[in-house]
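Quick note on our numbering: the sequence shown kicks off at 89 and runs consecutively. Note that the Cβ used here is the ideal one computed from N, Cα and C, for glycine as well. Model, not experiment: these values are computed from the prediction. Here's the structure we're looking at; comments come further down.
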Amino acid sequence: MDIRLRIAALRISYLYLIYELLLLRITATRWQNVYFPMTQDFKDRQFQVYDPEFV
């Protein structure tokens, strides 16, 4: 019985690890989807600073 509980605990821990890695991957993908267009926007503008008086 102790072996069955240990195997079940290992399965749960492996599932939890896979779940955490998937969440991390989804979060990283969403972060890249936000970050890369933002940096591209800055590159297109060449870091121009707009003065409110001239706009």
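Please report the straight-line C-alpha distance between residue i and residue j, rounded to a whole angstrom.
| i | j | result |
| --- | --- | --- |
| Trp119 | Met126 | 11 Å |
| Ile95 | Ser101 | 10 Å |
| Gln128 | Glu108 | 30 Å |
| Tyr123 | Ile114 | 14 Å |
| Ile91 | Leu111 | 30 Å |
| Ile106 | Asn121 | 22 Å |
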